[in-house]
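Okay, structure first, notes after.
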Amino acid sequence: MKAAVIHEHGDLDVLRVEDIEEPRPGPGEVILKVLCAGLNHLDLWVRKGRPRAQLQTSHVLGSDAVGTVSAVGEGVESPKVGEQVILNPALSCGHCEFCLRGEQSTCVSFGIMGLSRSGTFAEQVAVPAGNCYPRPSLLSDEEAGTFALAHVTAWRMLMTRAQLKPGETVLIHGIGGGAALAALQFAKLVGAEVFVTSSSDDKLSRAGKLGADHTLNYERENVAEWIAHETSGRGVDVAFDAVGAATWPLDFACVRKGGRVVLCGVTTGSKAESDLRTLYWNQLTILGSTMGSAEDFRQMLRAVTVNQLKPVVDRVYRLARVRDAMERMETGKQFGKIAIRVSQ
Ligand SMILES: [Zn+2]
């Protein structure tokens, strides 16, 4: 079968689409015939070797997918052969103290599809049966196959960690990425007032159409001054950060006294300075967040389904063109999720 694999870490050239052996389902696993998969920043990090992925001889990238169950392993009662499912890409052991508490994303051996085991950029993939959820019927293949990782990340950040409330204000940096757009959808669902930034007027205009209340081009104007002006010097309740080093000082400058800063990613770098005086004087709460628990995933999926939320899809590439897809993500031009069409 065809798959997008790496044999070593490095730049785009290490990414190959080649024939590899078809997977067989282990106990508790199912085989998915992948229809559509989704690209995440994680795939770039794994390819580059940060964080260090456990490279198999040929490591298949990809965390998100929608697919049809084509075989089931020993002991699997659900899902059944022929069902269409989406994946929760979070892998956990199921028996450590954190898993037993239902906090799977702090599992001592937490992993992610495409990082700690073979991923979804393949015609078939073996996955734990417990990670399969019924495909939301209103979504296209491209939407269903790309939203899970970004949406569960944004859900946990805003709902579980920052506990965003109706009427609160939230600042989302760099609108256009999957997690930032999911955060915009969820913040509006809650009834929050949303501030978004970008260096692209086009992305800001599209974010406005999706419900963003305030938009700012950070290349032309100062974000901290803008927030101070718009909130009469108060600051926002929550800063949502999937950007990292470039925006971290802004988080501290833009949240109100007693505000919350929640971070899930570092696309601009992982080393940043913090003004500790601001931290204690303004009594800030800093929240780290990674993907989500099984309960976060269930809640997120219900929210998407019940409210008929449509994940934003940027472009669709065939599996053979996965390199072009990755190149687009690396340039940061995308608005929404980049989909990989694997089969019809
Ligand atoms: Zn565990």
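Number 90 in this note's numbering belongs to position 90 of the sequence shown; there are no gaps in the numbering.
Ideal placement from N, C-alpha and C gives every residue a C-beta, glycine not left out.
Of the residues the options, the one placed nearest residue i, counting alpha carbons only
i    : options                : result
S70  : K80, Q185, M1          : K80
H41  : G178, S274, I20, M300  : G178
S109 : G119, F121, G94        : G94
P27  : V72, G174, S137, D43   : V72
W45  : L35, E21, I227, L12    : L12
I175 : L204, S116, W248, R220 : L204
G269 : L287, I286, V261, A242 : A242
E29  : E74, V304, T285        : E74
G233 : E225, V34, F240        : E225
W155 : A126, V125, G111, A187 : A187
P128 : L91, T331, E97, A162   : L91
Y317 : R328, P311, L309, K310 : R328
V60  : K333, I338, L319, T331 : L319
A228 : C264, F252, F240, G82  : F252
L309 : S78, L181, E77, G49    : L181
V306 : L189, S199, Q344       : L189
Host alpha helix (DSSP H) of residue i (start-end)
i    : result
E142 : 141-144
A333 : The sequence given here has Lys at residue 333, not Ala. Here K333 belongs to no alpha helix (DSSP H), and DSSP marks it neither H nor E.
Per-residue burial, residue i [other beta carbons within 10 Å of its own, 16 or more giving buried]
i    : result
S359 : In the structure displayed, the chain extends from 1 to 344; residue 359 sits before or after that span and is not available.
T247 : buried
P166 : exposed
S293 : buried
L138 : exposed
E103 : buried
E219 : exposed
T331 : exposed
D141 : buried
Residues near residue i by beta carbon distance below 8 Å, same chain, minus five either side
i    : result
L184 : I172, I175, V194, V196, A207, L210, G211, A212
S58  : A3, V5, I6, H7, E18, I20
V152 : N88, A90, M291, G292, D296, F297, M300
T146 : C36, A37, G38, L39, D64, G178, P311, V313, K337, I338, A339
Contact set for residue i: own chain, Cβ-Cβ below 7 Å, skip 5 residues either direction
i    : result
V322 : A4, L15, V17, F121, I340
D201 : N217
R256 : R234, G235, V236, D237
Where the beta strand (DSSP E) through residue i begins and ends
i    : result
A126 : 124-128
D19  : 15-19
D314 : 313-318
V304 : Run containing V304: none in the beta strand (DSSP E); it sits in the alpha helix (DSSP H), 294-306.
K2   : 2-6
Own chain partners of residue i with C-beta closer than 6 Å, once the 5 adjacent residues on each side are dropped
i    : result
N131 : L87, N88
M1   : E22, E123, Q124
Exercise. Please list the segments of the beta strand (DSSP E) lying wholly inside the region 195-251, counting only runs of 3 or more residues, in order along the chain.
Key: Here the runs fully enclosed are 214-217, 236-241.
Quiz item: Which runs of the alpha helix (DSSP H), 4 residues or longer, sit entirely within the region 258-292?
Solution: For secondary structure counted as the alpha helix (DSSP H) over 4 or more consecutive residues, the region 258-292 holds these complete runs in sequence order: 276-281.
Quiz item: Counting only runs that start and end within the region 34-105, where is the alpha helix (DSSP H) found for 4 or more residues in a row?
Solution: With a minimum length of 4 residues, the continuous alpha helix (DSSP H) runs that stay inside the region 34-105 are 41-48, 97-100.
Self-check item: Whole runs of the beta strand (DSSP E) within the region 139-189, excluding any shorter than 3 residues
Solution: Listed in chain order, they are 169-172.
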